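Asker: Have a look at this one.
Residue numbers (UniProt numbering): 1 to 399.
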């Protein structure tokens, strides 16, 4: 434990946003604690990580909750910053228990449901008069004449949202099905695959953007935008190469939906700019730190520090300005992108040439040498990640 410095818990995973937070919080003079389900994760080797604590994986939600509560009860721990999909849900659902020990900035369960439930989110978007793809429950769709996608109704499957699910059975339905115009999917198969009735949305072709924000009871403390230049799949998904931007229309629509929700806490809103209309369509909202956080912190939108200022009642220290044109790469994500080119197919997105895309990635890394994990002042995390991935590859081959 830290006897002299306030401690902050970061729920880190193999994704790079936990590392971005650890670096940021260390610069604030805080004792950083990485709560990890695997002590070999690269974040634990960082010079900025003061302490790593092994916790159960979130798939064992009761044990994960108890572990976080145990960390919260430590006298030096002031807050827990949500990075994993389960975190905000636990901090909100069990607010009475966590509030005895730490201060957090998270929405209540009613507001949380409005973003976790994508059907409710579509209704909120309609009230706010902001664009969102037409959204229906799978069983409500009678016309399959347009290109559609089928995905989970919920960001997180929990007992709070699904009556037949127990608390310990929570999970995430990650699959997204592309349904070309005129093709009718197997309804029962999709429901079984996703463990609930999913939603169907119109497919919107266009470039992807992110709008990040920290709100205090309906008031924005700071916002950020980036354009996704490449995702971990060639069809899109999480950004692995991105560039900070500042687009007034995106700021307006981002604030409009969060104002409608009377938001409190972190929000990562994913958008697609409709190639035909130019409208920014909401894809989803994640109420936590996001995978591409390093792009924001490198540009000066220091969300981990902002979160710390919010929980310690010092919002006046937040400087919401940031630099545009700052880009970063998540190198392992770039590799995943190449794997998607080799293995995935989509009826909506033309698959690029593998050699051509590899050359494009190399050129962009040379021209824009900003990276999530690769830092000259802290070389061990990237070395650790390379070692871990090589070991996994060898084990996979031998298995």
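Where a beta carbon is used, it is the ideal one built from N, C-alpha and C, also for glycine. A quick note: this is a predicted structure, and the numbers were derived from the prediction, not measured.
Is the distance from the Cβ of residue 198 to the Cβ of residue 141 below 7 Å?
Answerer: No, these two residues do not count as a Cβ contact at 7 Å.
Asker: In the structure shown, what three-state DSSP assignment does residue 167 receive?
Answerer: If DSSP states are grouped into helix, strand and coil, residue 167 belongs with the helices.
Asker: Quick check on residue 319: does DSSP put it in helix, strand or coil?
Answerer: Here residue 319 sits in coil by DSSP.
Asker: State buried or exposed for residue 397, treating a residue as buried only when at least 16 other CB atoms are found within 10 Å of its CB.
Answerer: Reliability of the predicted coordinates at residue 397 is poor, the pLDDT of 47 falling under 50, and the value obtained from them is presented with this limitation in mind. Residue 397 should be labelled exposed.
Asker: Mapping the DSSP letters down to three states, classify residue 357 as helix, strand or coil.
Answerer: Helix at residue 357.
Asker: Determine the contact status of residue 133 and residue 202, defining contact as a CB-CB distance below 7 Å.
Answerer: Yes. Within cutoff.
Asker: Grouping DSSP H, G and I as helix and E and B as strand, with all else coil, what is residue 10?
Answerer: Three-state result, residue 10: strand.
Asker: Do three or more CB pairs link the stretch 99 to 111 to the stretch 228 to 244 at distances below 8 Å?
Answerer: No, they do not touch.
Asker: By Cβ distance below 8 Å, which residues in the same chain neighbour residue 145 in space, the five residues on each side in sequence not counted?
Answerer: Same-chain partners within the cutoff: 181, 182.
Asker: Would you call residue 321 buried or exposed, if buried means 16 or more other Cβ atoms sit within 10 Å of its Cβ?
Answerer: Exposed, since its Cβ has fewer than 16 Cβ neighbours within 10 Å.
Asker: I'd like to confirm the pairing. Which residues does DSSP put opposite residue 33 in its beta bridges?
Answerer: In the DSSP output, where bridge partners are listed per residue, residue 33 has 9, 51.
Asker: Flag this pair as yes or no: are the beta carbons of residue 382 and residue 374 separated by less than 7 Å?
Answerer: The answer is yes: Cβ separation under 7 Å.
Asker: Please identify the residue among 80, 22, 319 whose C-alpha is closest to the C-alpha of residue 48.
Answerer: Ranking the options by Cα distance to residue 48, first place goes to 22.
Asker: Helix or strand or just coil, what does DSSP make of residue 286?
Answerer: Correct three-state label for residue 286: strand.
Asker: Taking the C-alpha atoms as reference points, what is the distance between residue 386 and residue 53?
Answerer: Approximately 22 Å between the Cα atoms of the pair.
Asker: Starting from residue 64, trace the alpha helix (DSSP H) in both directions and tell me its first and last residue.
Answerer: Residue 64 -> alpha helix (DSSP H) spans 61 to 72.
Asker: Between which two residues does the alpha helix (DSSP H) holding residue 333 run?
Answerer: Unbroken alpha helix (DSSP H) run through residue 333: 331 to 343.
Asker: Please tell me whether residue 297 and residue 20 are closer than 7 Å, where the distance is taken between their beta carbons.
Answerer: Taking 7 Å as the Cβ cut-off, residue 297 and residue 20 qualify as a contacting pair.
Asker: Under the assumption that residue 257 contacts residue 282 (Cβ atoms under 8 Å), give the Cβ distance between them as a whole number of angstroms.
Answerer: Yes, residue 257 and residue 282 are in contact; Cβ-Cβ is about 6 Å, under 8 Å.
Asker: Give the secondary structure of residue 397 by DSSP, where H, G and I count as helix, E and B as strand, and everything else as coil.
Answerer: Residue placement at residue 397 is poorly supported in this model, since its pLDDT is 47, which falls under 50; the coordinates still yield a value, given next. Looking at residue 397 - three-state DSSP - the assignment turns out to be helix.
Asker: Under a three-way DSSP split, which group does residue 177 fall into?
Answerer: It is a strand residue.
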